[in-house]
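Sequential numbering from 3 applies to the sequence shown in our numbering.
Cβ coordinates follow ideal geometry from the N, Cα and C atoms, glycine included.
Structure first, commentary second.
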Amino acid sequence: MTKNQTLIVGGGLSGLALAAQLHAAGHPFTLFEARDRLGGRIMTLEDAGHAFDMGPAWFWPGQDRMQRLASELGVPVFEQFAQGDAVYEDETGKLHRGTGFASMAGSYRLAGGMSALIEGLAQGLPSGAIHLNANVTKIAQGKLHLSDGRGFEGDHIALALPPRIAAEIPCEDAGFDAARATMAAIPTWMAGHAKCVATYDRPFWREAGFSGDMASRRGPLAEVHDASSMGGEIGALFGFLGVPAEARRNAGDALKRAAVDQLARCFGDQASTPRSVFLVDWAQEAATATPKDAEPLYSHPRYGKPLALNGLWHGTLIFGGSEVAPEYGGFLEGALAAAEDVAQTILAAKASG
Ligand SMILES: Cc1cc2nc3c(=O)[nH]c(=O)nc-3n(C[C@H](O)[C@H](O)[C@H](O)COP(=O)(O)OP(=O)(O)OC[C@H]3O[C@@H](n4cnc5c(N)ncnc54)[C@H](O)[C@@H]3O)c2cc1C
């Protein structure tokens, strides 16, 4: 195995996009992903052959890298369904119907879900260069080790993962140690959230003039949107849970039942018989969230790469991942912006010898 390669830690959108750019430039890489699947915070589940996003579902106008990648990979883009009335459930359970709140109108979704990007990127890469179940448990200058004891060497290491997760990787280097507090202070976007999706034979709420948007002060879902398939063949509603991470622990089934009851309160009896109910609690995923992420973020942080994370190991340790992106930090677009930035840095270092 060549030492003249980049070791990429993390097989989310950022790590895979970086791998694709290095590969296209003829620069070797090996990518290590701790989970048994690629995608990281991108996770799409299926019902009746249709895709439902349990992590990110949207991108927005002006996020050109996302638009371009979807187009290059031939993944159809469609607009979030938002026509009709929204529902507001107040703390007493009283329902108010109207327009203008909780709508994600104008955002875009992907047919096949966000995982279509992950599959498309992975297909273009040499499969031997991608290691799943490859938890990086130690790094040092120019090398890393996996939990199974295997070691790999490279001329650059790119950490394409949330900085707060990177801060937990053991490393004996004093420079890395000095940067740890900076890494740990960067919150991971959406890591403390949980998302619930209920699927239905058809989007029946649309027939009653509802958009599927709902905001609630009663819960357990705090914010709901239509998540139906592109052509409306299968209906789906998804909601972010408003219940704190600690109270969600081991409460999955009860929360699913309470979420379905709430959907029936807000959209009518037909909502009480979903085809499937999925719930993913990101706060319980060790490769995404730390205990610090249990406290939800109420506004989007100002992201970017702090000075302390630059120039480590003579510039051979490079932070990637959406949270350190030069723009759109925390978002999918940021994951792509970070990949672009890291690829340029590595390829420029190669070019200058
Ligand atoms: C519920 C939810 C909803 C969201 N909604 C949106 C949205 O609608 N639009 C939007 O733009 N963004 C949204 N986001 C944010 C979006 O998901 C992220 O910006 C994006 O996925 C980040 O990609 P990434 O590759 O930088 O990081 P990640 O996807 O976190 O990838 C990091 C990877 O590193 C791996 N890893 C961790 N530790 C190790 C280790 N020690 N060794 C090896 N591998 C390791 C992880 O398993 C993971 O695969 C949402 C996120 C969540 C959780």
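- If you check the C-beta of K197 against ligand 1, you find a heavy atom less than 7 Å away.
- Relative to the Cα of P276, the nearest Cα in the group D49, A288, G41 and Q7 belongs to D49.
- DSSP lists F34 and L161 as the bridge partner or partners of V11.
- Note on geometry: alpha-carbon atoms of T290 and F206 lie some 35 Å from one another.
- Of the residues R70, D92, A224 and K96, the one whose Cα lies closest to the Cα of L119 is R70.
- For the pair F34 and H25, the CB atoms are not nearer than the 8 Å cut-off.
- About 5 Å separates the Cβ atoms of M56 and M45, confirming a contact at the 8 Å cut-off.
- For S274, the closest of A285, A261, R304 and D283 by C-alpha to C-alpha distance is A261.
- Taking 7 Å as the cut-off, one finds at least one heavy atom of ligand 1 near enough to the beta carbon of R37.
- Pairing A339 with D66, the inter-Cα distance amounts to about 10 Å.
- Distances from the CA of Y305 to each of L281, G336 and P298 were compared; the closest alpha carbon is that of G336.
- Here L334 is buried: its Cβ has 16 or more other Cβ atoms, across all protein chains shown, within 10 Å.
- Linking D150 to G126 through their CA atoms gives a straight-line distance of about 27 Å.
- In this structure, DSSP gives T318 a state outside helix and strand, which the three-state scheme calls coil.
- The closest CA to that of E91, considering only P222, V326, E297 and I141, is found on P222.
- Closer than 7 Å to some heavy atom of ligand 1: that does not describe the Cβ of G244.
- Burial check for R204: the Cβ neighbour count within 10 Å stays below 16, so the residue is exposed.
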